[in-house]
Each structure stands twice: as C-alpha cells, then as structure tokens.
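Q: Chains as they are written, first to last, in the working numbering: chain A, 2 to 356; chain H, 284 to 580; chain B, 134 to 572.
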Amino acid sequence: MFYREAGQFKTTYLADQQIFPITQDRIGVLLILAVAFVAVPMLFNEYWIKAILIPFLIFSLAALGLNILTGYAGQLSLGSAAFMAVGAFASYNFMLRVDGMPILIAFVCGGLSAAVVGIAFGLPSLRIKGFYLAVATLAAQFFIVWALTKFGWFSNYSSSGVITAQEMQIFGYKFVTAESKYLLVLSIVVLLALAAKNMVRSSIGRAWMAVRDMDVAAEVIGIRIMHTKLLAFAVSSFYCGVAGALYAYAYIGTVEPEGFNLDLSFKILFMIIIGGVGSIVGAFLGAAFIVLLPIALDVMVQEWLHGIFPPSISSNLQLVVFGGLIIFFLIVEPHGLARLWQIGKQKLRLWPFPH
Amino acid sequence: MQFFFEVLIGGLLSGVMYSFVALGFVLIYKASGVFNFAQGAMVFAAALTFVGFQELGVPFWLALLIAFGVMVVLGILTERIVLRPLVNQPPITLFMATIGLTYVIEGLAQGAWGANVRGLELGIQDEPIEWLMETANISVSKFDLFGAGVAALLVTLLALFFQYTRIGRALRAVADDHQAALSIGIPLQQIWRIVWAVAGFVALVAGLIWGARNGVSFSLTFTALKALPVLILGGFTSIPGAIVGGLIIGSTEKLAEVYLGEYVGGGIDSWFPYVMALAFLLVRPEGLFGEKHIDRV
Amino acid sequence: MKISTTLIAVALLAGVVGDTMAQANEQFIGLPSYRVGAYAAGGSGIYGGWIDYMTLINERDGGVNGVKLSWEECETEYNNARGVECYERMKKKGSTGNSVFQPLSTGITYSVLDKVAADKIPLVTIGYGRTDAADGRVFPWVFPMITTYWSQATTMVKYIGSKEGGLDKLNGKKIAYLYHDSAYGKEGLAVLEKQAQKYGFTFVPLAVAHPGNEQQSQWLKIRQEKPDWVILWGWGVMNPTALKAAAKTGFSREKMVGVWWSGAEEDTIPAGDASKGFTAAGFNVAGANYPVVKAIQDHVYKKNKGNMEDKSRIGSVYYNRGVVHGIITVEAMRTAQAKFGKKPLNGDEMRWGFEHLHIDAKRLKELGAEGFMPDLKITCNDHEGSGKVKYQQWDGKQWKVVSDWIEPDREMVRPMIEESAAKYAKEKNITPRDCSKEG
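(1) Tell me the rounded alpha-carbon separation between tyrosine 452 of chain B and glutamine 525 of chain B.
(2) Does the CB of serine 534 of chain H have a neighbour CB from chain B at under 8 Å?
(3) Please decide whether serine 259 of chain A counts as near chain B, where near means a Cβ-Cβ distance under 8 Å.
(4) Checking 8 Å against the spacing of the C-beta atoms, do leucine 543 of chain H and isoleucine 531 of chain H come in under that value?
(5) Suppose the cutoff is 7 Å on Cβ atoms and the five residues either side in sequence are ignored; what does the same chain contact list for threonine 12 of chain A look like?
(6) Can threonine 400 of chain B and asparagine 372 of chain B be called in contact, C-beta distance under 8 Å?
(7) Does the CB of serine 204 of chain A have a neighbour CB from chain B at under 8 Å?
(8) Pull up the distance between the alpha-carbon of alanine 266 of chain B and that of tyrosine 282 of chain B, whole angstroms please.
(9) By the 9 Å beta-carbon criterion, what residues does the stretch 321 to 346 of chain B contribute toward chain H?
(10) What is the C-beta distance between tryptophan 352 of chain B and alanine 378 of chain B, in whole angstroms, given that I count them as a contact (C-beta under 8 Å)?
(11) Consider the Cβ of glutamate 417 of chain H: report whether some Cβ of chain B lies at a distance smaller than 8 Å.
(12) List the residues of chain A whose Cβ lies closer than 7 Å to the Cβ of valine 197 of chain B, in chain order.
(13) If proline 125 of chain A and alanine 116 of chain A are in contact, beta carbons under 8 Å, what's the gap, nearest whole angstrom?
(14) Could you tell me the boundaries of the beta strand (DSSP E) in which valine 201 of chain A lies?
(15) Answer yes or no: does any C-beta atom of chain H fall closer than 8 Å to that of valine 392 of chain B?
(16) Using a 10 Å radius around the Cβ and a threshold of 16 neighbouring Cβ atoms, would you call alanine 442 of chain H buried or exposed?
(17) For asparagine 94 of chain A and tyrosine 211 of chain B, I'd like the C-alpha separation in whole angstroms.
(18) In terms of alpha-carbon separation, which member of B:Gly501, B:Leu478 and B:Ala428 lies closest to glycine 230 of chain B?
(19) In chain H, which residues lie with their C-beta within 7 Å of the C-beta of aspartate 443 of chain B?
(20) With a Cβ-Cβ cutoff of 8 Å, do valine 200 of chain B and lysine 472 of chain B count as a contact?
(21) Return the bridge partner residues of tryptophan 366 of chain B from the DSSP annotation.
(22) Taking the beta carbon of glutamate 338 of chain H as the centre, do at least 16 other beta carbons fall within 10 Å, making it buried, or is it exposed?
(23) Rounding to the nearest angstrom, what Cα-Cα distance links glycine 352 of chain H and methionine 389 of chain B in this structure?
(24) Evaluate methionine 96 of chain A with the Cβ neighbour count: other Cβ atoms within 10 Å of its Cβ, from every protein chain shown; 16 or more gives buried, anything less gives exposed.
(25) Kindly list, in the order they appear in chain B, the residues whose Cβ is closer than 7 Å to that of aspartate 299 of chain A.
(26) Against chain H, which members of the stretch 57 to 77 of chain A pass a CB distance test of less than 9 Å?
(27) Between alanine 458 of chain H and chain A, is any beta-carbon pair separated by less than 8 Å?
(28) Determine the DSSP secondary structure at isoleucine 467 of chain H, reduced to helix, strand or coil.
(29) Run through DSSP, which three-state label would phenylalanine 90 of chain A get?
(30) Between methionine 367 of chain A and phenylalanine 60 of chain A, which are expected to be in contact by the criterion C-beta below 8 Å, what is the C-beta distance as a whole number of angstroms?
(31) Just to confirm before moving on: does the CB-CB distance between lysine 559 of chain B and tryptophan 538 of chain B stay below 8 Å?
(32) What would DSSP say about leucine 339 of chain H, mapped onto helix, strand or coil?
(33) What does a CB cutoff of less than 7 Å around phenylalanine 330 of chain A pick up in its chain, not counting 5 residues either side in sequence?
(34) Entirely within the stretch 88 to 132 of chain A and at least 4 residues each: give me those alpha helix (DSSP H) ranges in chain order.
(35) Looking at C-beta atoms only, is the number of pairs between the stretch 544 to 560 of chain B and the stretch 415 to 432 of chain B that lie closer than 8 Å three or more?
(36) Assign isoleucine 1 of chain A to one of two classes, buried (16 or more other C-beta atoms within 10 Å of its C-beta) or exposed (fewer than that).
Right, here's the structure in full:
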C-alpha cells in the first residue's frame, strides 16, 4: 500500500510473531472489520445483505475450510458440499432432539459431526494421493447425500426429506432481520477466519505445509503423517460443517440434501483456485468472485441484451462467459486473486516511482 | 442362478458403456497429465452436433464426419487457448480449467442447437436376443452386444495406433516423460492436438452409443460421473484398465443393487461404484493397471 | 486490470440492481426462469408458453382491464442459491414490487418458503413444490395449485383400476413404483402404500439413483418380480432410459403409467419407438388445436413477438403447461382487480386474488381452454383447488388424451395433507388461520 514497514523495529519475539506484524496492516484489518460490522449493515439494502453478502460470507467460510485441506495440507477434495450438508443436518437434529439447545452450540456440534465424518472419509488419504484421492472423495459426496435422502431420521421423517431450520435465538434475542443474521454470520466467520489464520502459522500449519510439499520428506523429519492429514480433514470438515449450518439457518431456511450437490462442491473448489490456493484472503476473494460473477453476468444480460438475443442464447452466453472467465483467470494468474493482491501491494509500495 | 447370470451379463455389458467415456479421460491424462473433466461435456457436444446436422437433413456418414471435424477443431482450440498457456501449472489448476471448459462447451452446444432433447437411431434395436431368451431365459440386449463390439473394435484400433504408428510411438514417449520427449524433438503441441482430436473421436463414439440408448440430452454430460470410478479403478493411464475397470464396476454395481440394495432401500448405484473403487485403491493406490508411483525425497 | 474488471462488474451490478424501471400502469411479474443446463428443456418450454400467453393478453386485450403485464427473466440455473438471489432481486421491481413468484423448482420453492410470508409475495407452485402447503390455513402464502403429487398418485391408482376393469380388480395385483431417488421421487411413497392397503395390491418400490441414466438393475428386478403395472415417477433422462429399458426387458409400455414430469415430448422422443403406448398423467394436455393456443399463434407469432425459437414446440406438453401458468396468473389478477380496482396490484392483493380464484367450466370455455386444463376453485382452506388429472398416451408421434379428468381420492389425501401441515405448524409455532373469518 502507500506505506512501508520501515522504522518498525521488533524488540521482542512476541512482537515479531504477531498475526499482523505491520502497524498499518493492523489498522487496515481493523478498518475493514469496522466497515463490515458497522457501515455495511447501515449502507447496504436488504437485497445486498440477503442475496449477496450472507451467501458470500458463508461460502467464504466453506472455501476457507477447503483451503485448509487443499491449499495447506495438499489433499484434493471434491466433497465439501457433502460436509456442509452434514453440518446443516446435524445442527438441525441437535436443535430438534436436545431441549433448550443453544443455537451456537448446535452450530459447533454440527461442525464437530462434520469433522467426524470428515475423518472417516479422510482415512483413504493415508494411502491414496492426487486425483485418485479426489475421485475417492466423490464417494463421500454421493454417499452422504444418498444417506441423508434415504434415512428419514435425519430429516425428522419429513415426507419430502427436507429440513426447515428452527428459529435462531441467543439469550432471548431472535435473529429475524437480514441485518441481524448478517452480523451473526459475520461474527462467526471472522472468528473462524482468525482461528484459521493462527492455525496455519502455528506448528500444525507448518506440518500441513510440509505434508503438502512432500509427504515422504515430512515423514522423514518426524511429522506424524496420519495425525496431520486426519487433522486437516477434521478441521476442514468442521469449517465446512459450520458453513453448512449457517447456509441452512441464516441463508436458505429450508434445505434438501440435493441442494448440497457436486456442483456446489465444484463451486467451492473454484473459489479457492480462483482466490488463491493456500491463502486465507484468497478464500474471501474467490468466494466474492464466484458468488458475484454469475449474478453480475445475469444482470448485465437481462438489462443490455434484452430483446437482442433470444433468451436461451443469452442464458447460454452467460454460461460460456462464466467458464471463459474462469479459464482466463487461471491463465493470467494461476496463483489466484490473492497473488494479484500481493503483486498490487508490492507495486503500490514503490508507487509512483517504480525505479 | 439364471437370474444371477442375467444380472452379471447385463452388468458387464453396461460396464462397457462406462468404459467408452473412461477411455477419453485416459487418453488425455496419459498424453498430457490433464484430468479432463470436460470429457462428459464433449460427449454431449459431439452427440448433439451429430444429431443437429442429421436434423438439417445431412446424411448419416456426412454428419458423422462433420461432428468429428467439430470435435477436432474443439480439441485444437482447447490445446491452443487453454492448455498451452497453462503448461507446467499444477494439475489442479489444469483440472479446474477443464471444468471451466465444461461450462463453455455446454453453453456453446446448447446455445447452438437449443435445449430440445432428441432421439438418435443407429438402426440397432435395444431388444433382447430371442433365441437366448427362449433357450436359457436370459435377456441380453442386442444393442448392448453391439456396444461391446464397438468397444472391442475401438480399443483394438487405439492399441494398434499407439503400438505401430509413428504418432503412436511419439504419444507413448510424451506420456512417459514430457521433457525427455521434447528434448529429442517430438513436437509436444502437435501431439497434444492429436490426442485431443482422438479423445474427441472417442467422445463422439461414446455420445452416439449413449445417445442411442437414452436420447441426446444434457444428461449425456452425467456419463462422466459414471466413468470416474472406472477410471480410478483401472488407473488413469491404462487403456486396458479402462475396459477392465468398466467391466468390474458395471457388474459389481448391478449385483450390489439387485442383491444388497433392498436391505438399505435401493438407489445405491450413485455411490457404490465409488466405494468399490475406493476399496480397490486401498490395496493398489494407483489403480489396477496404473503406473506405480515411486516417492523420492 | 483484472481487479478493475471485477470492480466495474460490481459497480454495474450495484447500479443496475438499484434502479427500478417503474412503469405506472404495469403489473410486474418476475420470472425466475432456467434456460441452461440439465433442466433447460422444461424451462424454455414452460417459461416460453407463459411469456407467450402474457404477450397475447397485452397484444390482443391491451392488458388485463387496461393494466399491461410486464416481466423480466432471471436465470436461476435450477440452483437454489441463484433462485434466492433472483427472488430478492425481483422483489422490489415494478411499481408494486414483484406480485407473484413461481420458480418451477421444488428446491427453490423450499428455499423461499419462509421468506414469502414476510415479504407478502404469493408463492405459486403448479404441479410441484410442497404438497402439504395445500392446507391454506397453515400456508396462507403458498399455492400448490391444480393438483399435488399425492392427489396425482391416487388418480394413477384409479386410472390403473379403470384399465383393469374396476378398482376392486386391483386386489392381488402387483404395482411397481420406479422412482427418482430424491425428495421429489419419495413424494409418492406414503400415499401409494396406503392405497395398496386400501385396494389390496402389492406395492414394490424401486429407487433409481440420480440422474437415472442407468437402470439395468431396476429393470432386472422388474423382470424378476413381474409386476402387472409400473408407475414411472421420473425426471429428465430417467424417463427415456426407463422406456428404453422396458423395451429391452420386454415389459409392455401399455402397462406403464408416468407422472406429469414423465409425460412430455421431451421424455418420449429420445426413447424413439420404445415409448409407443406409454401413458402419463397431466394437469394440462398437449395439442395446438385449442383456441387459446391458436390465439397465441394468431396474435403473437404472426406479429413475430413469440418467445419460442423452435416453433414446432408450440402445443407441446411443456409449452401448454406454461400457458396454464399464464392463465392462472392472469385470472388471479382479474379476480383481485375486481376487489381492489383496475390498477397494478401488490403481492398482498394478488394473494387475495389467488385465494379467491375460481375458473369454472364456463370461464374455461371463454378462455379457449376447455379440456385444456381442469376447472379450479381455490379457497382459504384448500389451496390445491382441483386435483384433477387427465391421462395421455404416446402414439409414437404425439400425445393422445385417453381419459377424462380423473378425480383424486380426496378422502385419503386431504387428512394426510392436514396432518403433515399440522406437524409443520407445530414445528414452526404457526397458529393456523381460522378460515371462517377470512373475507
């Protein structure tokens, strides 16, 4: 940015190990948080909050989860949506079957259930690698959705297999308005994002990255492969599970297992690839891109091309442009938007005198 | 017992259908290390183009030729626009690029030909063979046998092509080691174009067979999901693996649905092949015929 | 550069979503359509027919009592999250806001179910959606109109009974239920099991995994079980695959009965000759000879204002289903205008119109839709309104009507609906309305 870290001397290890070591970065992050918590609910209308910002935050959280697994621990997974489904259905059942269950605890329980399922489906990763593993995680994707549809218990024997999220209530306060839901989601996402940021720069995170870069070498230097990989699966699924619970409770309301299909898994994978593999900021940037792009395209097509092309052509055009833009981004910046962000920062440091 | 055999034979024959789609994946993965998720969309696009031209009154063989031509052009464009700029990127980036490509192909195909679903006649009836029905009371479809025959022919052709032609040798060299192949003067990009064109041809054959079975509709893209377990079971890099994997997946899937399905309420063939393949992988992590991966520090 | 592109897109989005093109004397109807992907065939047909009918009203009648219809499409791709976004985007458009939401997707229906009551926008789901919403006391804002899956299932048994020579003849027969293994496919299970008990037939459910392009094992089971009839409860590619597999197994297509999502040209044409003789339900029929469809040809397509690119699809099952959507929307508007005046109506007023909608045989004739769709009477209590279904048989070229309107088994279905709705009301703490007090 327009600042340099010159003159900021670290005199203690503690100061050097801060999450944001540069003063301006700290201020920046606080500013962003202030805007997100105070300005956004005041400035944006209901449409933006309900239809764009809430899903953006929820998908960011899911992308964060997948990024921990794929970006940091190097295990490719195509089953994120299924873990979201586990989180949603588990939270629902905890709320339904335990009297007086506080909603936040239910979210945590949903996340933990997803983590358990994640560990179970993560077991093959001890032996299988790369795309073989990716296709194997599809087993999780299809099996979980099938099981949630098949066994009525999960949906409280609803005739059509859907669940309707209960009311969210914390200490008697009911989350009904769009703003309150937004703030709740935002708080959870910020909390978990900070936790993730801390995790990846701790010994756990370093172990993940070592496994990602070369698991044989990691093993040689004494990292417990099984422990590390399964922990990555557990943490990642926990994040996805909480995201799924929020998806059901703060966003959609009534969900069906088929809503958590392979397409959604791919979307989440897109978010981390476009946003930047192995980057916390990347998860947010990627989610913003994948959530906003199709909507922006649709709005543009409906407004500008209305009447010029037949509707089916313009709808398909959106799809082509969407796919094309994804390829385009992968080509121009294979390391994702997070990398672009970094480059931008570097350039701005020297601006306006780059040489 | 007669019923068991009927299920088994039916399963083996539908396994061949999965192999068709898996073959396309294998070809591209072998030659360029790309896990081409767009194969399903290519099957759809190929079949739709073929039927589309037939609807315009173009005769069968000409339509076939045009559809093949379209697939070749598509392959060349993919190589030029998508793959070449992404050379040396991590496999996952290439994989995601092919998912992007899936959207493009689907959008183009449906935009060009409309969303209508269409029938496709190859002139072979999907009916049981009568004498087998009468003598053994086993129902085996003529069409499925025809499909198996085409598969055998296709695999033989591909095997001969890979084994005995100059291009085939170059292809195998590229598959073994890109760098080494490049350094001895094999034109890598040309080889990739050829592989994508061949994969396009396989997609066309798969599209015709599947299209004649279920009609030509968007759901042809879902055939890819049927091919994936076949792929990991057989190994990403083995053509015989795609066939054997298909046979195993097809038969076990059917047997499981018929004999185990009722205990859990049925519909298990969405995930059973994947679990099946997973079980195999635990024993052989590179698939049945895949190349063994050696880790070096 | 890339960041700036994104920024521009975002800015555009912000600008575009912000403005509403308020036209004083127009009734705005938001169309959450889908024209790409696996569901495009259905979406383009139904939304095409619907838009054509609204164009007809604008062109021929100058709108509804002088109020012109205006609409805008929003591509959902049949995806729940996109559907929610469309719902929110449309909500404030037009002079009175979006006045009715009809997503043609059960998933999207569920996704907006909680939102419509708060936003006061009626949610109309014709032939899909949440069955127990037919209890208008619990679901004042939801209208699963004409008929529900449960009603349909009972008409299927009635139809099969009529073919067997009476419902009493069903005793000892065997009926297989080949269903799409999803929320949608499971809708028929409970009610058919009850029917099996009532009439004494054996009921064999067979699940087909999505997408259903491979059904060998299910049909081998059918070959083993030898049912007398097969009910096909499929979607998309599952339907032609089932018909082909039936031919392969040697099961007579004359003995197969499909739901209304199995009974369109899109389901039979891909299966070629294998579909000949197959019968399917429909709350609308196929055919371009009905006066209402002819009127669309005359007033819309002759002026080149039609929505369908492929004109051969006019009069197809999906297209006509779209026309039914148009008729119901316009008639509800007319009903509401009679009470609230000839002006653009808001969602609340439209809801009143839907709840008091009554399209009797006479009105159907005036609309040129006699025999095209069943007559219909919605009340506060009953948001289904008819439940009647016709059966059509595919003769290899087109659908031919082979039955009259068949009434559902209301004595069985209605208590089930009320029970299910009461359970929902209890879960959500809803006090059902007292319909005797509704005006």
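Just so it is clear, CB atoms sit at the ideal spot from N, CA and C, and this is done for glycine as well.
A: Looking at the coordinates:
(1) Whole-angstrom Cα-Cα distance: 16 Å.
(2) The C-beta of serine 534 of chain H comes no closer than 8 Å to any C-beta of chain B.
(3) The sequence as given places glutamate at residue 259 of chain A; serine does not occur at that position. Chain B contact via Cβ: present.
(4) No, these two residues do not count as a Cβ contact at 8 Å.
(5) Excluding positions up to five away in sequence, the list is empty.
(6) With the sequence shown as reference, residue 400 of chain B is identified as aspartate, and threonine is not the correct amino acid for it. Contact flag set, yes.
(7) Chain B, which has no Cβ nearer than 8 Å to the Cβ of serine 204 of chain A, makes this no.
(8) One C-alpha to the other measures close to 12 Å.
(9) Closer than 9 Å at the C-beta level to chain H, one finds these residues of the stretch 321 to 346 of chain B: Pro338, Leu339, Ala340, Val341, Ala342, His343, Pro344, Gly345 and Asn346.
(10) Right, the Cβ-Cβ distance comes to about 4 Å (below 8 Å), so this counts as a contact.
(11) With 8 Å as the cut-off, glutamate 417 of chain H does not count as an interface residue toward chain B.
(12) Contact annotation for valine 197 of chain B against chain A: no contact, minimum CB-CB distance about 23 Å [criterion: below 7 Å].
(13) The Cβ separation is near 17 Å, so there is no contact.
(14) Unbroken run through valine 201 of chain A is the alpha helix (DSSP H), 179 to 201; no beta strand (DSSP E).
(15) Not a single C-beta of chain H is nearer than 8 Å to the C-beta of valine 392 of chain B.
(16) Per the 10 Å Cβ criterion, exposed.
(17) Each residue's alpha carbon lies about 27 Å from the other.
(18) When the alpha-carbon of glycine 230 of chain B is set against those of B:Gly501, B:Leu478 and B:Ala428, the nearest one is in B:Leu478.
(19) At a beta-carbon threshold of 7 Å, the residues of chain H lying near aspartate 443 of chain B are Gly397 and Asn399, ordered along the chain.
(20) Using a Cβ distance threshold of 8 Å, valine 200 of chain B and lysine 472 of chain B do not count as a contacting pair.
(21) In the DSSP output, where bridge partners are listed per residue, tryptophan 366 of chain B has B:Tyr312.
(22) It counts as exposed.
(23) Roughly 41 Å between the two C-alpha positions.
(24) Looking at its Cβ environment, which holds 16 or more other Cβ atoms inside 10 Å, methionine 96 of chain A is buried.
(25) In chain order: Cys207 and Glu208.
(26) Sequence-ordered contacts of the stretch 57 to 77 of chain A with chain H read Thr71 and Leu77 [C-beta pairs closer than 9 Å].
(27) Taking Cβ atoms only, chain A never reaches closer than 8 Å to alanine 458 of chain H, which makes this a no.
(28) Reduced to three states, the DSSP call for isoleucine 467 of chain H is coil.
(29) Looking at phenylalanine 90 of chain A - three-state DSSP - the assignment turns out to be helix.
(30) The question about residue 367 of chain A has no answer here: the residues shown for chain A are numbered 2 through 356.
(31) Going by beta carbons, lysine 559 of chain B and tryptophan 538 of chain B fall outside the 8 Å limit.
(32) Residue state, collapsed to three classes: coil.
(33) The residues are Ile275.
(34) Entirely contained in the stretch 88 to 132 of chain A, the alpha helix (DSSP H) runs reaching 4 residues are, in chain order, 104 to 123.
(35) Cβ pair count under 8 Å is below three, so no.
(36) The question about residue 1 of chain A has no answer, for chain A in this structure spans 2 to 356.
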